Amino acid sequence: MYSFEYQKAGSVADASKAATGEAKIVAGGMTLIPTLKLRLAQPSKLVDLGGIKDLVGIKAEGGGVTIGAMTTHAAVAKSAEVKKAIPALAELAEGIGDPAVRNRGTIGGSVANNDPAADYPAACVALGATIVTSKRKIAADDFFKGLFETALEEGEVITAISFPAPEKANYQKFRNPASRYALVGVFVAKTKGGVRVAVTGAGEGGVFRKKSFEEALGKSFDAGALDAVKVDAKGLNSDIHASADYRAHLIKVMAKRAVQAAK
Amino acid sequence: MPEGTGIGASVRRREDARFLTGSGTYTDDINRHGQTHAIMVRSPHAHAKINKIDKSKTLGMPGVLAVYTGDDMKVGGLPCGWLVKNQDGSPMVEPPHPVIAQEFVRHVGDIVAVVIAETKQQARDGAEALGIDYGVLPAAVSLGDAVKPNAPQVWPQAKGNICYDWGLGDKAATDAAFAKAHKVAKIDLVNNRLIPNAMEPRAAIGDFDKATGDYTLYTTSQNPHVIRLLMGAFVLSIPESKLRIVAPDVGGGFGSKIFHYAEEAIVTWAAGQLKRPIKWTADRSESFMSDAHGRDHISHAELALDKDGKFLGLKVETLANMGAYLSTFSTCVPTYLYGTLLAGVYTTPAIFCNVKAVFTNTVPVDAYRGAGRPEATFLIERLVDVAAREMKMDPAEIRRKNFIQPSQFPYQTPVALQYDTGNYDATLDMAMKMIDYKGFAARKEAAAKKGKLRGIGMSCYIEACGIAPSAVVGSLGARAGLYESANVRVHPTGSVSIFTGSHQHGQGHETTFAQVVSEKLGVPLEQIDIVHGDTGKIAFGMGTYGSRSIAVGGAALVKALDKIVAKGKKIAAHLMEASEKDVEFKDGKFTVAGTDKAKTFGEVALTAYVPHNYPITELEPGLEEQAFYDPLNFTYPSGCYIAEVEIDKDTGTIEIARFVASDDFGKIINPMIVEGQVHGGIVQGIGQALLETCVYNKEGQLLTGSYNDYCLPRADDLPPLEVQHTDKPTPCTHNPLGVKGCGEAGAIGAPPAILNAICNALGVAHMDMPATNEKIWRAANAQTARAAE
Ligand SMILES: Cc1cc2nc3c(=O)[nH]c(=O)nc-3n(C[C@H](O)[C@H](O)[C@H](O)COP(=O)(O)OP(=O)(O)OC[C@H]3O[C@@H](n4cnc5c(N)ncnc54)[C@H](O)[C@@H]3O)c2cc1C
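So the sequences go chain by chain: W and B. Going by the working numbering, the letters in the first sequence line up with residues 601 to 863, in that order. Going by the working numbering, the letters in the second sequence line up with residues -6 to 782, in that order.
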């Protein structure tokens, strides 16, 4: 670790003012601290959101839920509101990392980080969530921009994420056996606006929507509807853990399982 | 004898209270007055020439005390402990192993310099600022690539990167056996390279006493006396009397902490230069790229069978990776711990094995839990399954047909070892009963109804433990003896301190050894202290590896205890005015046969130290005895493991539905500890079979350098393990406890059982480890495609 200054922000406004230039926001620290320990990042300052009470909590709103950016994965996993409105989201949170990670890691941190194998981005995209920041509201479709890239601008702080409730949804994660991140994760949501399918872990550019699945499932929300749909391995990751072919195959298997399990 | 603390009792591990409450003392917990910190600067390249190292910037940085490179530290090289000879009798190629790289670096992680500073952070800053100009060279990385013609040369003196070309067995007899074969079963297999991953990373503190000129090294070692011998005599030229090695609590080793590593010599030497203590503790990334790795073989093997399935002959050709330098025991692992085990539990009359050890631009490869024996067992037990498949015989039946029978012991194998005892049908019977082998067909059918592929697989392993008779290993090229020492010090009030040359780093010696003492002397456990891991306290020791502690260290302990009892009898005879030969000792009491005279062990101990009424002209006061034990033979634990797996065709995921183990460890001191050792071994075996593998890319960069990529098994990857000791144990015939050793069995026996089950489920002849979900999925799909045809 290199040395850095530390500031505990009192408010979102404070934080967004402080988090400019070489300064960086720290939330749960589960991703950021390891990169600091390995000296892969050298921020001048860490701006800690941990003291901002408004950023923690889950509200049921208009049938959906709004989750404060500093809400931990563990809190989402056991939230009665989330379980009621979007059980798939609570299950997803329960499947992130290990207990230590779930008790420290936050939804805001996960979404801001946009790890290509993270789970929440798939939920945001498939459910058509809105990312609420210190400046504006961003639709999930416009938020995730590629590997670790998002629409966030300098000093922009995520304050909450709003998830409209789907009619049915489910997330199926095929874990990377080593990291336990998603080797392939497929979130399927049947919403008022149609079926949305988002895939994480597999794409070279991070989370993406699987339009061919959406069309097929739009016609008939049934696992069999995907049988005839081909999944191309082009644009998918190939690494020491899995080939692109295998990932392509798993996308379909996981999507079918998600459709079957959707509720 | 106090109730339930002697041999055979499942006494709870006395050491666990301190381990589980975080109050152990590991090397990194030790801090010396005025301590400084070292950071090793490691090569980012697999192979490069060091053109220039510019220290000037680093030396000017805050807190930096010194920077040493290979040019500064001109000391002896790290020695290799075992000379292996080529088939033509010439010695192996033994290149230098400098403590700090000289002129060239030969693997990613090779030490180029050390930076020492007041704080670890300052040392790290200094290390980062060090200007090193490398001329990158092509690297020979994988075993297969390193032996290709025109492969880059790791060492100019090792042509074709060959370290040695070794042979064992009778080639002509083996060829003759193949000539009359009814069938020949063949296999090509890889034994995947593993990274050991002890829970505690390696650490070392060098300390130099200005007043006395004495050096002390605190280090994470399985064998402090071996480190003293190697470092003192070969590397730094410090006499034993001036060098103390302390290996305090050590958090796991699995072999990786046997070897003498460069960092130990660096901090010791530099402490003498700076006249300050120096601490180095590896971070996890460093462990991945600097702890010696394990396994890494490519083999081709053939088994000749007659028409009834009797094995006639076995031919094995193996390439074994040594990495860039020869680590302490590296050369003997794929030879004397591998080739000698190729008979397995079978009567194969003719065996020939050829092993070529190969240098590559990777971390040195050395002993890892099982060391050579898992590689041998995997090869034999997979090949036997291939043979069963070709002969259309049941895997259990073909094994039984070829087992060495109890009446045949002592059994001389064609590959040098003489097994003293065993009963292989007994463990096979028990394991088959445990898993309900007969009921498998029904379970397979039930699984098929759920769309799952179910398979069953067994392995009948044997290992050579209790390493080893010195005369035997000496004749085979070992440069050390492999006995063990024990000292029993009975204190005036009858409490006992045991000083053992064995070293515990998770095995529970503080309990097991104390049980042996409690049994023999009738002293309660609370009054027995087991002291180990300090050359300043213990006379000598060869340490703990190769499942040798109870078989060799325990035997030395028994010898010393017998001497205590013998002297005690003399003292008691004097006190009771009886003849020494009439004195009996049992349950902590000396008695005279046929009388009611008795003296307790405590009374005799006190008399030894307060010799007012004492046979002083015949006997010295005091009650302390020393013994060394050099075994007559290896010990031969054996057993049978059976795994049942269920495969999901859609994803290739696998569930180990059952795993049963029946082991024969001879006599058992503490059944609970033995069970725990088997559990741990099996878990590592499952790790190798399904999850773990070390991957380097073509350039020699380690791709599996963290837990994000190197997959250790976790609790939810594992089935419940059903572990039982055989109901027909065959105690070792040549050591006083009848024990055989149990530390490595699980890691040896589990991988072939799992792979045999997978191959059985998929109907394929072979699959290499780790059997990843993707590999299984591909094989399952190919099977479905075949079935459709
Ligand atoms: C062992 C382990 C296993 C894991 N497994 C999984 C897994 O299975 N699935 C998964 O999805 N994730 C996994 N994670 C990641 C985990 O979910 C992290 O908690 C998460 O990615 C980051 O959240 P954090 O609160 O820890 O953020 P931090 O580490 O504190 O921050 C991460 C990044 O986000 C920025 N940031 C944080 N909060 C905000 C905000 N409110 N506004 C703007 N920027 C912000 C920070 O500046 C930083 O760049 C794992 C992590 C670990 C260590």
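Idealized CB from N, CA, C, for every residue including glycine. Every value quoted in this text rests on a predicted model; they were computed, and no experiment measured them.
Shown here for Val101 of chain B: same chain residues with a beta carbon closer than 7 Å to its own, the five before and five after excluded, namely Ser36, Pro37, His38, Ala39, Met282, Gly693, Gln694, Leu695 in chain order. Distances from the CB of Asp698 of chain W to the heavy atoms of ligand 1 include at least one below 7 Å.
Look at the beta carbons and you see the region 487 to 497 of chain B touching the region 513 to 524 of chain B: at least three pairs across the two are nearer than 8 Å. Contact between Asn663 of chain B and Val243 of chain B does not hold, since the beta-carbon distance rounds to 20 Å and is not under 8 Å. At a cut-off of 8 Å between beta carbons, Asn701 of chain B contacts chain W.
Here the alpha carbons of Ala343 of chain B and Lys721 of chain B stand approximately 29 Å from one another. Looking at the DSSP output, Leu187 of chain B bridges to B:Gly287. Of the other Cβ atoms in all chains shown, 16 or more fall within 10 Å of the Cβ of Asn714 of chain W; this residue is therefore buried.
By the Cβ criterion, the region 380 to 393 of chain B is not in contact with the region 306 to 323 of chain B, since fewer than three pairs of Cβ atoms, one from each stretch, lie closer than 8 Å. Closest option to Ala548 of chain B, judged by alpha-carbon separation, among B:Val732, B:Met760, B:Asn184: B:Val732. Per DSSP, Trp75 of chain B is not a residue of any alpha helix (DSSP H), being assigned neither H nor E. In the structure shown, Phe533 of chain B adopts coil according to DSSP, grouped into three states.
At least 8 Å separates the beta-carbon of Glu193 of chain B from that of Met33 of chain B. Ser214 of chain B and Gly15 of chain B have their C-alpha atoms some 20 Å from each other. Per DSSP, the continuous beta strand (DSSP E) segment holding Glu648 of chain B begins and ends at 647 to 657. For Val667 of chain B, the enclosing alpha helix (DSSP H) starts and ends at 664 to 679. For Asp648 of chain W, the uninterrupted beta strand (DSSP E) segment begins and ends at 645 to 648. Taking 8 Å as the CB threshold, Leu696 of chain B lines the interface with chain W.
Fully enclosed beta strand (DSSP E) runs of no fewer than 3 residues occupy 236 to 239 of the region 215 to 256 of chain B, in order along the chain. Any Cβ of chain B closer than 8 Å to the Cβ of Tyr846 of chain W would place that residue at the interface, and such an atom is present. When CB distances to chain W are screened at a threshold of 7 Å, the residues of the region 668 to 695 of chain B falling below it are Leu684, Val688, in chain order. A distance below 8 Å between beta-carbons, with the five flanking residues on each side excluded, links His605 of chain B to no residue of its chain. For the C-beta of Ala677 of chain W, not a single chain B residue is nearer than 7 Å; the gap to the nearest is close to 17 Å. Taking C-alpha positions only, Val788 of chain W is separated from Ala823 of chain W by approximately 11 Å.
According to the DSSP assignment, Met33 of chain B belongs to the beta strand (DSSP E) that extends over 29 to 35. Proximity of the beta carbon of Ala718 of chain W to ligand 1 is indicated: a heavy atom of the ligand is located closer than 7 Å. Put simply, the CB of Asp643 of chain B is near chain W, with a gap under 8 Å to one of its CB atoms. When Cβ-Cβ separations below 8 Å define contact, Glu767 of chain B makes contact with chain W. Nearest to Met66 of chain B by C-alpha distance, out of B:Val105, B:Pro84, B:Tyr331, B:Thr167, is B:Val105.
Within chain W, the residues placing a beta-carbon under 7 Å from that of Trp770 of chain B are Tyr846, ordered along the chain. Closer than 7 Å at the C-beta level to chain B, one finds no residue of the region 681 to 706 of chain W.
A direct Cα-Cα distance of roughly 55 Å separates Arg221 of chain B from Ala618 of chain W. At a Cβ-Cβ threshold of 8 Å, Gly632 of chain B and Ala479 of chain B do not count as neighbours.
Burial is judged here by how many other beta carbons sit within 10 angstroms of a residue's own beta carbon; Pro388 of chain B has at least 16 and is buried. Annotation: the continuous alpha helix (DSSP H) that includes Leu689 of chain W extends over 687 to 694. Using a Cβ-Cβ cut-off of 8 Å, Ile840 of chain W is close to Val688, Leu696, Thr697, Asp702 of chain B, given in chain order.
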